[in-house]
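A short worksheet on the structure shown next.
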Amino acid sequence: MRRCCRLLLFLMVTGVQLRPLGAQASAGATGTSGTAATVPDSVTGRVLNAATGTPVPRALVRLNDRAVLTDHEGKFRFEQNTESAANILITKPGFYASADPSEAGNLFLQAAQLAVPLELRIYPEALLTGRVLGPDGAPLQRILVSAMRSSFDESGHHWSTTAQSQTDVHGNFRLPVPGGSYRIESHYTPQDGATGEAVLPVVVPEGSSSSMPQVIQIRGGDEQHFELRPAVSRIHTVTLTTQGSSGRGFARITAHTRSGSSLMQVNPRTDGALGAMTMELPQGSYVLTAWMNNGESSAEAETTVTVPDHDVSGVVLQFAPIPSIPVELSVDSESAAINNPPQLQQLGLTLQKEEVDIERGDSSIRPTMVRDHSYAFTVPTGNYRLQARMSGSWYIKSVNYGDSDLLQQELVVAPGAAGAPIRVTVSDQTGSLQGAVLVNGSPGVCWIYLISSGPSAQSVFSLRSGTDGSFSSAHLPPGSYQALASERRLSVNFRDPASLAPYSSYVHNVTIEAGDKSTLNLDAAPALAVMP
Numbered sequence: 008m009r010r011c012c013r014l015l016l017f018l019m020v021t022g023v024q025l026r027p028l029g030a031q032a033s034a035g036a037t038g039t040s041g042t043a044a045t046v047p048d049s050v051t052g053r054v055l056n057a058a059t060g061t062p063v064p065r066a067l068v069r070l071n072d073r074a075v076l077t078d079h080e081g082k083f084r085f086e087q088n089t090e091s092a093a094n095i096l097i098t099k100p101g102f103y104a105s106a107d108p109s110e111a112g113n114l115f116l117q118a119a120q121l122a123v124p125l126e127l128r129i130y131p132e133a134l135l136t137g138r139v140l141g142p143d144g145a146p147l148q149r150i151l152v153s154a155m156r157s158s159f160d161e162s163g164h165h166w167s168t169t170a171q172s173q174t175d176v177h178g179n180f181r182l183p184v185p186g187g188s189y190r191i192e193s194h195y196t197p198q199d200g201a202t203g204e205a206v207l208p209v210v211v212p213e214g215s216s217s218s219m220p221q222v223i224q225i226r227g228g229d230e231q232h233f234e235l236r237p238a239v240s241r242i243h244t245v246t247l248t249t250q251g252s253s254g255r256g257f258a259r260i261t262a263h264t265r266s267g268s269s270l271m272q273v274n275p276r277t278d279g280a281l282g283a284m285t286m287e288l289p290q291g292s293y294v295l296t297a298w299m300n301n302g303e304s305s306a307e308a309e310t311t312v313t314v315p316d317h318d319v320s321g322v323v324l325q326f327a328p329i330p331s332i333p334v335e336l337s338v339d340s341e342s343a344a345i346n347n348p349p350q351l352q353q354l355g356l357t358l359q360k361e362e363v364d365i366e367r368g369d370s371s372i373r374p375t376m377v378r379d380h381s382y383a384f385t386v387p388t389g390n391y392r393l394q395a396r397m398s399g400s401w402y403i404k405s406v407n408y409g410d411s412d413l414l415q416q417e418l419v420v421a422p423g424a425a426g427a428p429i430r431v432t433v434s435d436q437t438g439s440l441q442g443a444v445l446v447n448g449s450p451g452v453c454w455i456y457l458i459s460s461g462p463s464a465q466s467v468f469s470l471r472s473g474t475d476g477s478f479s480s481a482h483l484p485p486g487s488y489q490a491l492a493s494e495r496r497l498s499v500n501f502r503d504p505a506s507l508a509p510y511s512s513y514v515h516n517v518t519i520e521a522g523d524k525s526t527l528n529l530d531a532a533p534a535l536a537v538m539p
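Numbering (the numbering used here), first residue to last: 8 to 539.
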């Protein structure tokens with residue numbers, strides 16, 4: 008990952024907070040009248056380290072097509088300014104525009120904001136460093152190591168690769184990342200150049216395959232050092248035969264260690280015999296998960312294998328069709344627009360696997376159109392939570408699969424399950440909410456999160472306030488909510504009360520009734536209070 012990032016940062020101006028592009032600050036916040044502001048002759052300010060509050064020297068500040076470096080006090084100045092509006096950009100190696108790498112780095116300011124000394128805060132990178140050593144303590148070089156960021160948003164939990172590095176001749180690695188929650192993993196190396204043996208993957212901290220993953224917490228500006236000691240083993244040939252499949256199509260096979268803490272993507276080869284495959288695996292015990300698609304249908308298989316100090320044969324993959332579960336849409340009888348319902352694909356239906364999937368950052372499954380133009384989920388065995396989104400004025404009122412209420416229960420898919428449909432009922436009987444947000448006593452652009460306290464296909468709704476702090480939502484499902492405002496986007500598990508505990512003083516309860524408009528005013532958690 009490049010350490011020199013294109014940054015546009017969280018800015019604070021005396022008496023007003025400025026926001027990213029698309030959220031323009033009001034001219035009246037500078038103390039001028041509401042009329043057009045005079046173009047300032049100069050634009051001044053300073054750049055601070057968001058973690059320490061200290062000045063950042065030699066940061067490159069761009070004002071449209073002009074640029075200056077900050078001095079030793081972090082100050083900058085643009086003389087002979089003629090811009091009535093400008094984009095502000097900052098570049099500084101070792102810093103990020105935001106504590107959240109998904110946020111854009113660009114600010115658009117109008118004349119009124121440019122006339123006031125600007126205070127720009129940039130976020131220092133954190134460092135995950137360490138060594139990869141073999142069982143005998145010898146350094147392992149050219150091993151790929153990744154930092155995987157754990158984040159939450161309205162749709163749930165995600166893993167994303169934030170930094171990667173190969174170890175040097177001394178086995179060292181260095182991973183610069185934004186502050187946050189991470190796990191470190193070394194990748195599977197089928198044949199190490201020095202030893203000729205396979206280097207198995209390692210995940211730190213262990214236990215990251217559970218539904219509540221263990222993570223490394225690190226703040227911007229800090230460094231944490233780790234020692235990774237993967238197992239090293241000779242590889243042997245494993246011969247497999249398949250049953251229950253046509254033998255056509257490419258099989259994708261993943262080998263998980265029996266503990267579930269790490270995995271390897273292996274590449275099987277056909278040996279010329281129908282349904283037979285060979286692959287190379289190190290010594291050890293594994294769970295093999297296989298998936299095959301022959302163009303018309305998909306099938307899956309799972310088996311266990313132990314590889315001793317020699318080649319193995321006689322392993323059988325028993326394939327079974329991956330269930331296809333149809334989805335049916337109906338309209339609640341009390342809906343006003345009963346003859347004009349949304350299309351199923353507009354509801355953003357997904358099935359989210361409850362277990363953390365190390366292999367895939369996004370484990371969501373979406374319905375696909377089948378031959379009769381209806382929709383169905385093709386779902387491997389496992390437990391899933393259904394999620395959806397509002398479609399205009401429509402929300403999902405109920406979802407049933409047999410006797411299961413999928414707004415309150417998981418969808419449990421067993422091998423061969425199919426036939427019974429998922430029945431989705433929608434309604435347009437919604438309520439609305441309006442209000443205003445203050446940041447440190449002043450109106451500001453903030454994120455507002457509405458967390459459903461009851462059964463809901465969309466457990467979290469997010470809104471943005473305007474530059475005057477006001478917000479509104481015309482269509483919300485009836486029910487009780489916890490409301491939380493934050494100056495910057497939050498990455499927390501909104502479904503876990505313990506994750507929300509640090510923000511308890513900012514949480515308010517609100518009830519939405521169908522056909523009514525509720526009002527709620529909020530104080531927002533300031534940016535520095537939620538910095539990871």
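Beta carbons: idealized from backbone N, C-alpha and C, even for Gly.
Nothing here was measured: the structure is a model prediction, and the numbers come from that model.
Close beta carbons around residue i, own chain, < 8 Å, minus the five adjacent residues each side
i: residue 445; result: 451, 476, 528, 529, 530, 531
i: residue 276; result: 284, 285, 286
i: residue 420; result: 330, 332, 386, 387, 388, 389, 390, 391
Close-in-space but distant-in-sequence residues of the same chain around residue i (CB under 7 Å, 5 per side omitted)
i: residue 353; result: 398
i: residue 85; result: 49, 50, 70, 73, 75
i: residue 224; result: 188
i: residue 464; result: 393, 394, 395, 403, 406, 414
i: residue 172; result: 152, 180, 181, 182
i: residue 272; result: 261
Local conformation of residue i per DSSP, three classes
i: residue 147; result: coil
i: residue 353; result: helix
i: residue 512; result: helix
i: residue 28; result: Caution is warranted here: a pLDDT of 33 is assigned to residue 28, below 50, making its placement in the model unreliable, and no coordinate value can be reported.
i: residue 262; result: strand
i: residue 383; result: strand
i: residue 192; result: strand
i: residue 88; result: coil
i: residue 489; result: strand
i: residue 397; result: coil
i: residue 137; result: strand
i: residue 276; result: strand
i: residue 473; result: coil
i: residue 160; result: strand
i: residue 226; result: coil
i: residue 40; result: Reliability of the predicted coordinates at residue 40 is poor, the pLDDT of 36 falling under 50, and the value obtained from them is presented with this limitation in mind. It is coil, neither helix nor strand.
i: residue 434; result: strand
i: residue 204; result: coil
i: residue 524; result: strand
i: residue 496; result: coil
i: residue 45; result: coil
i: residue 326; result: coil
Bounding residues of the alpha helix (DSSP H) (the contiguous stretch that carries residue i)
i: residue 173; result: Counting along the chain, residue 173 falls outside any alpha helix (DSSP H), though it belongs to the beta strand (DSSP E) covering 163–173.
i: residue 120; result: 118–121
i: residue 505; result: 504–507
Span of the beta strand (DSSP E), counted from its first residue to its last, around residue i
i: residue 231; result: 230–235
i: residue 243; result: 242–250
i: residue 333; result: 331–338
i: residue 285; result: 283–289
i: residue 181; result: 179–184
i: residue 176; result: Premise fails: residue 176 is in no beta strand (DSSP E) and is neither H nor E.
i: residue 405; result: 402–408
i: residue 459; result: 454–459
i: residue 418; result: 418–420
Contacts around residue i, its chain only, beta-carbon distance under 6 Å, and the 5 residues preceding and following it disregarded
i: residue 215; result: Its pLDDT being 48, under 50, residue 215 is placed unreliably in this model, and the coordinates cannot settle the point.
i: residue 342; result: 434, 435
i: residue 443; result: 476, 477, 528
Bridge partners - residue i, DSSP secondary structure assignment
i: residue 530; result: 445
i: residue 69; result: 74, 96
i: residue 56; result: 129
i: residue 478; result: 442
i: residue 501; result: BP columns for residue 501 are empty, so no partner.
i: residue 519; result: 486
i: residue 197; result: Partner(s): none; residue 197 has no beta bridge.
- Validate contact between the segment 517–527 and the segment 482–495 using beta carbons, cut 8 Å, 3 pairs: Between the segment 517–527 and the segment 482–495, the count of Cβ pairs shorter than 8 Å is three or higher; the stretches touch.
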